[in-house]
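The structure appears right after this line, and notes come after that.
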Amino acid sequence: MSDDAFAPPFRRAGASSAVVLALFVGLLVASLARLAVTGPGRKPLEAILTPLGLSLAAAGLATLLAALLGIPAGLYLARTRTPGAFLGLLLDIPLVLSPVAIGTALLLFLRDPPGLWLEQALGVTFRFPGVVLAQFTVVLALVVRTATAAFAQADLTWEKHAATYGATRWFILTRVTLPAAKPGLAAGLVLAFARALGEFGATVTVAGTIPGRTETLATGLYLALAAGELRLAAQLALVLVLVAVVVLAAIRRWERR
Amino acid sequence: MSPQVLLHGVEVWRGHFHLGPVTLAIQPGEYLVVVGPSGAGKTVLLETIAGWLEPSAGTVSLGGKPLASVPPRTRRCAFLSQKLPLLPSESFEENLRFGVACRGERADPKLEAHLLEILALTHCRGRRDVRTLSRGEQQRLALAQALLTRPQLLLLDEPTTALDPHKKPELWHLLRALHREFRCTVVHVTHDRNEAFFLGERIAVLLAGKLHQVAPPPTLYHHPADLSVARFFAPENLWPIAEAVAEGATLRVTLASVPVALWLPAGKGGSFVGIRPEEVAIIDPQRPLGPQVQTNLFSAVVEDLVFLDGQSEATLRTHEGLAVTARLPLCSALDRGLSAGQRVTVCLKPRSLYLVSEKSPA
Chain A
0 MSDDAFAPPF RRAGASSAVV LALFVGLLVA SLARLAVTGP GRKPLEAILT
50 PLGLSLAAAG LATLLAALLG IPAGLYLART RTPGAFLGLL LDIPLVLSPV
100 AIGTALLLFL RDPPGLWLEQ ALGVTFRFPG VVLAQFTVVL ALVVRTATAA
150 FAQADLTWEK HAATYGATRW FILTRVTLPA AKPGLAAGLV LAFARALGEF
200 GATVTVAGTI PGRTETLATG LYLALAAGEL RLAAQLALVL VLVAVVVLAA
250 IRRWERR
Chain B
0 MSPQVLLHGV EVWRGHFHLG PVTLAIQPGE YLVVVGPSGA GKTVLLETIA
50 GWLEPSAGTV SLGGKPLASV PPRTRRCAFL SQKLPLLPSE SFEENLRFGV
100 ACRGERADPK LEAHLLEILA LTHCRGRRDV RTLSRGEQQR LALAQALLTR
150 PQLLLLDEPT TALDPHKKPE LWHLLRALHR EFRCTVVHVT HDRNEAFFLG
200 ERIAVLLAGK LHQVAPPPTL YHHPADLSVA RFFAPENLWP IAEAVAEGAT
250 LRVTLASVPV ALWLPAGKGG SFVGIRPEEV AIIDPQRPLG PQVQTNLFSA
300 VVEDLVFLDG QSEATLRTHE GLAVTARLPL CSALDRGLSA GQRVTVCLKP
350 RSLYLVSEKS PA
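If you read the protein sequences in the order shown, they are chains A and B.
Residues in the first sequence are numbered consecutively from 0, following numbering that gives the first Met the number 0.
Residues in the second sequence are numbered consecutively from 0, following numbering that gives the first Met the number 0.
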């Protein structure tokens, strides 16, 4: 609460809608939790831990790859005016495209060169690299976007000052450019990681959901639901909720800095 | 001695703003102040010297070589823009040594301690966040950061703007002392005329993107190059001339607006005659007239008297209807009991009068 004497208009109406919405989300989580504890069909712990481990590994790798390729691209887009617009548009496509469409495009891409070479070298379809590739494709746009915003926000003056003193490009990048964009980059990567963890459409299209090989939390959840294993489905969903809470808390911390 | 910085016919476009053509030679070890109102292009000029902006015409050279051919590391240039080169994510010490780190060098501990001492920053040691420093401390830290790199050329963009008015003279004294000690070339940009006179060995007057005059302070005070320069430093007491007649060593000018004739030493011509408000003499009726104040005497009425900080500003109207602004030390106004409505005799001393033309002679 602020000490400001000025009350914004419709404050009470706004407050009640916020409370109702929070209650709604709370009820959703509560119903998951109830079923996860009391639902029928108890399963061994591995049924949760295996897809969790696979999810974390795939999402981590996909985020890492997206960071390695997306952050330099974001830096370029933030500092360029002319060719940036079209390039940015192209890179934004996966952001708005249906994940199943992305998955379909990936499958078709892997049938002919140069995609075929990737398929032959790594063995992508219905394998773990397929999970990573699908998630990478989905979150790449997210990383590029947040990185572009983070670099665009950072003040160029510091870089100019460093250059005036005679700093090398590497020094400017590591000491000035990246630290200035760090909060935005970190928030973007955490967001990308969360998005990759929950990714379903593209993953299931490219890699299917083979227990122990390509089954992630999100695809496993769908499989459990389809098989009528409600308790397992609720448990997997609850794990996703927990991860989401951790991620959101982390983003808030970075944003406050 | 070849100039350290030489601008020759430099023109820069920034959107609709056009700077130049500017031709200016800055000597090694000189303290040059560029003064002008906001929007005159002072920052553009400074950023061009720093190499941040590329001129669309003309050349900038550093020590006789084209600026672009001198790699930044050998330029030994430090630029304190209005946005100071302090990184918010880094500590006091890291910021202090940022300049030397950029050069890939280590800070000289003796110089560092000395700078912290003279810049009164010793108490800030160990601060984790430089944003918690006061604006004055930040300004001094940026100066320490720059001087720690032992620059040959120091560019300062409005270093006192964000300071409280009573803190400004403190920094002026400091900058004067630092310049004496380090003897680096300083190009200092400001809109503050007092600051320009306090610090500048030479002052360059930049108005609407054009360099109007570059001169030492006394020349600027007594002989402004043109009407714009005269107006910038003292907009009061500038009158258009109807006729000027040379009579031996003196010139007799008749004003256009009121039937008043003034005598002044013959020199260069002009279409306006002016006098600084501080040069207007209000004659004490009790005292005999000295040789300086026997010409251009007018009987006048004090129309208004304003009590300033240490000065009195009197608006006078002569018998002929000429409005004259006079500024005199507060004590002398009090001593002679000056008050509104009072009749006085004013003298516009011939040697204090100057002639200017509308167009710059350059």
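Note that beta-carbon positions come from the ideal geometry of N, C-alpha and C, so glycine has one too.
Please read all numbers here as calculations on a predicted model, not as lab measurements.
Tell me whether residue i is buried or exposed, calling it buried when 16 or more other Cβ atoms sit within 10 Å of its Cβ.
i	result
B:H211	buried
B:H15	exposed
B:P360	In this prediction, B:P360 scores a pLDDT of 45, lower than 50, which makes its location untrustworthy; no coordinate-derived value is stated.
A:F5	exposed
B:D225	buried
A:M0	Its pLDDT being 48, under 50, A:M0 is placed unreliably in this model, and the coordinates cannot settle the point.
B:P54	buried
A:G13	exposed
B:N236	buried
A:I209	exposed
B:N193	exposed
B:T249	exposed
B:A176	exposed
B:S311	buried
A:L241	exposed
B:V438	Coverage of chain B is limited to positions 0 through 361, which leaves residue 438 of chain B absent and any answer about it impossible.
B:Y353	buried
B:S60	buried
A:R80	exposed
B:K109	exposed
A:V19	exposed
Looking at residue i: is its Cβ nearer than 7 Å to the Cβ of residue j?
i	j	result
B:V32	B:G199	yes
B:A260	B:A245	no
B:L184	B:L152	Per the sequence shown, the amino acid found at residue 184 of chain B is Thr instead of Leu. A contact, by the Cβ cut-off of 7 Å.
B:L154	B:A49	yes
A:L31	A:A236	yes
A:T156	B:K167	no
A:G197	A:V143	no
B:D303	B:A339	yes
A:L109	A:V123	yes
A:E214	A:P8	no
B:L18	B:G40	yes
B:P158	B:Q144	no
A:A232	A:T147	no
DSSP beta-bridge partners for residue i?
i	result
B:P328	B:Q310
B:S298	B:T344
B:C123	Note: B:C123 sits in no beta bridge, so no partner.
B:A203	B:V33, B:V213
B:L263	B:L250
B:G273	B:L237, B:Y353
B:C76	B:L152
B:K64	B:L61
A:L31	For A:L31, which the question treats as bridged, DSSP gives no partner whatsoever.
B:W363	No answer is possible for residue 363 of chain B: it lies beyond the span of chain B, which begins at 0 and ends at 361.
B:D303	B:T314
A:E158	Bridge partners of A:E158: none, in fact.
B:L6	B:L23, B:V59
B:E242	B:T253
B:H222	DSSP output for B:H222 lists no bridge partner at all.
B:A322	B:R316
Against residue i, what residues of chain A qualify as contacts under a CB-to-CB distance less than 9 Å, listed in chain order?
i	result
B:A49	K159, T163
List the residues of chain B whose Cβ lies closer than 9 Å to the Cβ of residue i, in chain order.
i	result
A:F170	A100, C101, G103
A:P178	L86, S88, E89
A:A226	Within 9 Å Cβ-Cβ: nothing; A:A226 doesn't reach chain B, min ~51 Å.
Along chain A, which residues have their Cβ under 8 Å away from the Cβ of residue i?
i	result
B:C183	Here the premise fails: no neighbours, minimum Cβ distance about 14 Å.
Taking C-beta pairs closer than 8 Å, name the residues in chain B that residue i reaches, listed in chain order.
i	result
A:D154	K82
Could you work out which residues of chain B lie near residue i, taking near to mean beta carbons separated by less than 7 Å?
i	result
A:A166	C101
Using a cut-off of 7 Å between C-beta atoms, extract the partners of residue i located in chain A.
i	result
B:T131	The premise fails here: B:T131 is roughly 15 Å from chain A at the closest Cβ pair, so nothing lies under 7 Å.
Output needed in chain order: residues of the stretch 58-77 of chain B with a Cβ under 9 Å from some Cβ in chain A. For the stretch 58-77 of chain B, which is checked against every Cβ of chain A, the residues closer than 9 Å are P70, P71, R72, T73, R74, R75, C76, A77.
Cβ-based contacts, 8 Å cut-off: residues of the stretch 125-155 of chain B near chain A: T148
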